[in-house]
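Just below is one structure, and these are the notes that go with it.
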Amino acid sequence: MIISILKDAIYLKYGDFVLEKSEISLVKEVIIKQSKFLEFMQLVKDDKDLKFDILLDHTAVDYINENVFHLVYHLYSSIYNHQVIILVEVPRDKPVISTLCSIWRIAEWQEREVFDLFGILYNNHPDLRRIFLEDDWVGFPLRKNYKDNFMLEK
Amino acid sequence: MINYSVDNFANLVDNSNNSTVIEVAFYILSIFITCLIFISLFVMVVVYIERKVAAAFQCRVGPNRVGWKGILQSVADLLKLLTKEKITPLYSDKFLHFISPMLCISASFMTLLIVPFSPHIQIINIDMGILYWSAISSLGILGILLAGWSSYNKWSLISAVRAASQLISYELSIILSILTMIIFTNTLNIQKIVLSQLNGCWIWRGHVVTLIAFIIFFIASIAELNKIPFDLPEGESELGAGFHTEYSGMQFAFFFLAEYVNLFITSTIIVILFLGGWLPWHISGFSIFNELMDSIPPIMWLLLKVSMIIFIIMWIRWTLPRLRIDHLILLEWKFLLPTSLANMVLASFLVLNNLYFYV
Amino acid sequence: MTIQLKTLNEILHNLDEKKHWGTKEYFINMGPQHPSSHGVLRFVLKLEGEIIKEIIPILGYIHRGIEKIGESVSYRNFVHLTDRCDYFSSIINNWAVSRTIEQALNMETNDRIETIRTIFAEIQRIQSHTMWWGVFGMDLGAFTPFFYGFRDREFLTSIVEETCGSRLTMNYIQPGGVLYDIKSNFIKRIKQYIKYLRPRIEEYERLISDNVIVQKRTENIGILTKEKALSFGSTGPVLRASGVPLDLRKNDSYGVYDKVKFSVVIGTKGDSWDRYWIRIEEMRQSLNIIEQLVDNIPAGKHMVTKYTTKIKLPVGYYQSSIETARGILGIFVASNGMENPYRIHMRSPNYNNLWSITDMAVGLKISDLVTIVSTLDLIIPDVDR
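Protein chains in written order, with the numbering used here: chain A, 1 to 154; chain B, 1001 to 1359; chain C, 2001 to 2385.
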């Protein structure tokens, strides 16, 4: 489906999950409220018109000036060949969100990577530990206020 | 037909036990030095040949820098191995770690005693030559097992246990194939086995039965030699170097030498049992041809036939992938062993009813 | 709050867990140094005899922080960094970033550029698959295919080097075009190569695919069912072997893929044998694509914008994906209007393919683990970025 039709379909069905509607129609993201996040993801996976069966990607963006993290989930449907990006905002001083391991198994590793690099914690995650860095590393490198001795500043 | 008379190379030890201690010591020392010289020359040549043959199969050149066309490459490798530091793991069992390469190489050395290079060149001709070979070559398994156990290394242990199960299983097929041939030849004495093929080699005299025995012996001997497709103990893609990971320098050279001497000895046994040993190639009726063939010394015939078998083993080594451990064991216990048992029964049936050629 | 943070040591030496171990189980480390050349991948295996009970992959030995570096370099320079991730087919990685930037800026490229990009992407796919085939043979114990695979890759490398200037990290596809125009005897050499490779693939099939040892070692080993493959986020040949017809070259066409005829190869069972022969078939399909395109490269410029113009994306999020030889590579950019990206993320295909091994290899032997890792076709620098 063309992205604008897809987004309208999501707004229509799940309007009360959506936090704000994006004005620019080129981008394919939909912003969801944090509290109803897990429910929304489960619905969107099983919905017969949407059928997002692959969680292609999960990452985060650190907006230090606005004190939020934007969590990004990229969903793809292998049946209908459409894709959407779901955004969730979490506050920067308490970055907790529920895990998606029960819906897509790959979320376990993708969330480990985001935890390792950003420090975002996931509720009910079976095995939350660092994946790239050593277990006793201090700090979260991809945050904007991360400093350590090896970095060269411009 | 030339009358071959078989006599011993050194008649110092005769049956009457009258030789002095010095004569016996001299005898043993001469054997020892012969073995050393033979092994060092032979293994260097075979290692070079193997690398060139492998390179030919892989569309590349192989060693060509050290010496003329790379001939001195093995000498360089030997010097390197001799001068390497000997490293022993800290918590390994020191005595076993020290002794296991020696077990392997002494097992290989001792089997050289009965190899008949020609009717006149053989160190000892005992009446149970073939039995002696199969018994002594099993000592090498002990060396491999101890090597894997005594290096303080789980991967070496896995490889040693795999080696033990593989080598012990394939011993059975080897012994049964040998027994099948003994049913035909009626003797365990190696020179007499060769002489029994004056009218033709056993591989076509015994038609079906000896052909099957040949194939089974060939496959089982590749397994005994730890060559691909049976080289799980030394599985390079999985385990690094298997049971000889923790050995360096001269100890690794011992394992390496033992492998190549085993290669030679096993090929020699194949040639002796099936292909006629040192006997020349005769075509009945063509007396001129036969005389020409007779003028080539018998040791050249043996080496020619052995080189053929070694080339085929190397060919198989560089073509096929390796078998998984359970496929390997299954192959032996479910295919080779019943086949060789049935083959033995068929052989006795053939011999009792004189159904083979040139009785 | 039910968040429990653990360390690897705690998992390995958990005393409570040890009470439930059998007497025959032991841990072994399949360390970062491997005889098989996948890269620095470490597994901790819990074995009982030869049977694997649990696999714990440990990553990070080649984590270079590419995404963090990306925040301090310009968009054009980031294309260099993508080369270093999946280095056996680096031109395809460059295309992912270029496609994202071109979609964000609404940049139109001409047909010549797209045709050249498609041809080079298929060349890289063949290079990657021939090398994979050689390494697969070596992992299984046959050392000869390694040399044949490398030799076939080498012919293409010299063709590519003539145009792109380098042999491994090409940095060729840029936002706005390709870096250099193709040289005059490129077409002739490619046609010679196509004629050379077609009978070779048949020969390789006779050597490895028809070999009963290989068939017994790959059939029904490492079965990944369709539901599990989708849930584990696998893409590329791994997913297609399980029966899902997902190929971004057909589903989300870019380049000139919609103008050429080729088939998407799909397997049935999802075992190692399916993953093996799919890649052999894909090589043939890539040869078909190149053959259809190489005679009709349209004329035009090879670069639509000047190489030195600065790229600035408007504020917002941008995302696009490419089908590499191993799976879907996605680039996600968060821009705040400056020259450097505010956040740039690479969705690596190998990272997501690797996770399924913890489920596939349980209950199999160590030799099977080597086979499965080989058929998953992993490049570890792409896993770690």
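All C-beta atoms in this analysis are idealised placements derived from N, C-alpha and C, irrespective of residue type, glycine included.
Where do the N-terminal and C-terminal ends of the alpha helix (DSSP H) with glutamate 89 (chain A) fall, by residue?
No alpha helix (DSSP H) holds glutamate 89 (chain A); the beta strand (DSSP E) holding it covers 83-91.
Leaving out the 5 sequence neighbours to the left and right, which residues in its chain are closer than 6 Å to lysine 2053 (chain C) when beta-carbon positions are compared?
Lys2046
Pair within 8 Å by beta-carbon distance, isoleucine 2278 (chain C) and arginine 2217 (chain C)
no
Buried or exposed for asparagine 2352 (chain C), going by 16 or more other Cβ atoms inside 10 Å?
buried
I want to see whether chain A comes within less than 8 Å of phenylalanine 2043 (chain C), judged by CB atoms only; does it?
no
Name the chain C residues that come within less than 7 Å of isoleucine 54 (chain A), Cβ to Cβ?
Leu2230 and Gly2233
Delimiting residues of the beta strand (DSSP E) encompassing glycine 2327 (chain C)
Counting along the chain, glycine 2327 (chain C) falls outside any beta strand (DSSP E), and DSSP gives it neither H nor E.
For the structure I just gave you, are there three or more beta carbon pairs, one from the region 2075-2094 of chain C and one from the region 2122-2135 of chain C, closer than 8 Å?
yes
Nearest-angstrom Cα separation, counted from histidine 2080 (chain C) out to isoleucine 1158 (chain B):
44 Å
Taking Cβ positions only, does leucine 142 (chain A) come closer than 8 Å to chain C?
yes
Three-state secondary structure assigned by DSSP to tyrosine 2307 (chain C):
coil
Isoleucine 24 (chain A) in three-state terms, based on DSSP
Since pLDDT at isoleucine 24 (chain A) reaches only 44, below the 50 mark, its modelled position is unreliable, and the value read off the structure follows with that caveat. Three-state result, isoleucine 24 (chain A): coil.
Interface partners of lysine 1305 (chain B) on chain C, CB under 9 Å:
None at all; the shortest Cβ gap to chain C is about 26 Å.
Residues of its chain near histidine 2038 (chain C), where Cβ-Cβ distance is below 7 Å and the 5 sequence neighbours each way are ignored:
Val2373, Leu2378 and Ile2380
Taking C-beta to C-beta, are lysine 2068 (chain C) and proline 95 (chain A) nearer than 8 Å?
no
Which residues in chain C have a C-beta closer than 8 Å to the C-beta of arginine 1324 (chain B)? List them in chain order.
Lys2216, Arg2217, Lys2365, Ser2367 and Asp2368
Could you pull out every residue in the same chain whose Cβ sits closer than 6 Å to the Cβ of glycine 1143 (chain B), ignoring the five residues on either side in sequence?
Ser1100, Leu1103 and Cys1104
If I follow the unbroken beta strand (DSSP E) through asparagine 2288 (chain C), where does it start and stop?
Run containing asparagine 2288 (chain C): none in the beta strand (DSSP E); it sits in the alpha helix (DSSP H), 2272-2294.
I need the DSSP call for serine 2321 (chain C), collapsed to helix, strand or coil.
strand
In the DSSP assignment, what residue or residues form a beta bridge with valine 96 (chain A)?
A:Leu121
Using a Cβ-Cβ cut-off of less than 8 Å, list which residues of the region 2100-2113 of chain C approach chain A; keep chain order.
none
Beta-carbon contacts of glutamine 2292 (chain C) that lie in its chain and below 6 Å, excluding the five residues immediately before and after:
Val2260
Coarse secondary structure for asparagine 2077 (chain C), derived from DSSP in three states
helix
Just verifying my parser: in three-state terms, what is the DSSP assignment at leucine 1103 (chain B)?
helix
Just tell me which of B:Met1293, B:Leu1346, B:Leu1331 and B:Ser1267 has its CA closest to the CA of valine 1376 (chain B).
Any answer about residue 1376 (chain B) is impossible in this case: the structure gives chain B only from 1001 up to 1359.
Looking only at its own chain, which residues have a Cβ that is under 6 Å from the Cβ of tyrosine 1356 (chain B), when we skip the five neighbours before and after it?
Arg1205, Gly1206 and Leu1350
Taking DSSP's pairing of strands, which residues face histidine 1282 (chain B) in a bridge?
Histidine 1282 (chain B) is not bridged to any residue.
If we define contact as Cβ-Cβ less than 8 Å, is alanine 2142 (chain C) a contact residue for chain B?
yes
Between the alpha carbons of lysine 1094 (chain B) and lysine 1154 (chain B), how many angstroms are there, rounded?
17 Å
I'd like to know whether the C-beta atoms of isoleucine 2221 (chain C) and leucine 2364 (chain C) end up nearer to each other than 8 Å.
yes
With distances taken Cα to Cα, identify the nearest neighbour of asparagine 1343 (chain B) among B:Val1209, B:Met1314, B:Ile1222 and B:Ile1265.
B:Val1209
Rounded to the nearest angstrom, what separates leucine 1320 (chain B) and leucine 1176 (chain B) at their Cα positions?
26 Å
Using a Cβ-Cβ cut-off of less than 7 Å, give me the residues of the region 72-86 of chain A that come near chain C, in sequence order.
Val72, His74, Ser78, Asn81 and Ile85
Does the distance from the C-beta atom of leucine 2264 (chain C) to that of lysine 2250 (chain C) stay below 8 Å?
One detail in the question is off: residue 2264 (chain C) reads as valine in this sequence, not leucine. For valine 2264 (chain C) and lysine 2250 (chain C), yes; Cβs fall inside 8 Å.
Backbone CA spacing between alanine 1160 (chain B) and alanine 1135 (chain B) [nearest angstrom]:
20 Å
By DSSP, does aspartate 2111 (chain C) sit in helix, in strand, or in coil?
helix
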